[in-house]
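Heads up, the sequence shown is in the working numbering, so the first residue is 421 and it goes up one at a time.
For each residue, glycine too, the CB sits at the ideal point set by N, CA and C.
Reading through the structure tokens given below for one structure.
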Amino acid sequence: MQRLEPEVRTVWALKLGGMLLLLVGALFFYDLVRWLSGEAWPFVFSGGAFVVSAGATVAVPRLRWRYWRYALRTEELYLERGIFNRVRTVVPLRRVQHVDVSQDLFEREFDLGKLVVHTAGGRSSTVAVPGLRYQTAERLRDDVKRYVLDEPDEY
């Protein structure tokens, strides 16, 4: 089983921190209105949210990274992830319809990419492996593509 690149923790922290900063900003505005109207205990909500958000921004990406694993085996892609609820996903390569490699703005800055595998039907017809070196994601895409193209049609 392979681990994701350690830099993905920073990417996840930036994304989570940005979302939580919006929440803390809204709570700060709420607390400011309460304070200006003369209520006691100013900035309790936004201060508490800031402390919890800062802790989550540090802890959650580290925990996600710690429990994320993947393996490209002979006939399947195997994923294992989850902090509280462990999820193990097996994607049979014979069901793959197409494969993408994507990068968002943060991933591009750290030379990371995401392998996205689209399969036929099912409730989870798209599976992604984040936090890969971009070159590794391209190599895995090519390996999956090679398997799919070499596999004879069973119909």
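- One Cα belongs to T546, the other to T539, and the distance between them is close to 6 Å.
- In the three-state scheme derived from DSSP, where H, G and I count as helix and E and B as strand, Q555 is classed as helix.
- Here D562 is exposed, its C-beta having fewer than 16 other C-beta atoms within 10 Å.
- Excluding residues up to 5 positions away in sequence, E425, D531, L532, G533 lie with their Cβ nearer than 8 Å to the Cβ of R553 in the same chain.
- Straight-line measurement puts the Cα of R506 at about 24 Å from the Cα of L440.
- Just so you know, the alpha carbons of W461 and G467 end up roughly 11 Å apart.
- Between G475 and F465, the alpha-carbon positions lie close to 16 Å from each other.
- Within the same chain, Cβ atoms closer than 6 Å to the Cβ of L434 are found at F526, the five residues on either side in sequence being excluded.
- DSSP lists P512 as the bridge partner or partners of E496.
- DSSP places G502 outside both helix and strand once states are collapsed to three, so it counts as coil.
- In this chain, G468 is not harboured by any beta strand (DSSP E); it is covered by the alpha helix (DSSP H) spanning 464–487.
- The residue among Y567, L442, S457 with its C-alpha nearest the C-alpha of R515 is Y567.
- DSSP links L535 through a beta bridge to V521, V549.
- The alpha carbon of G437 has as its nearest neighbour, out of Q422, V453, V472, the alpha carbon of V472.
- In the structure shown, R543 falls within a coil segment according to DSSP collapsed to helix, strand and coil.
- Look at A491 here: in three-state DSSP terms it is strand.
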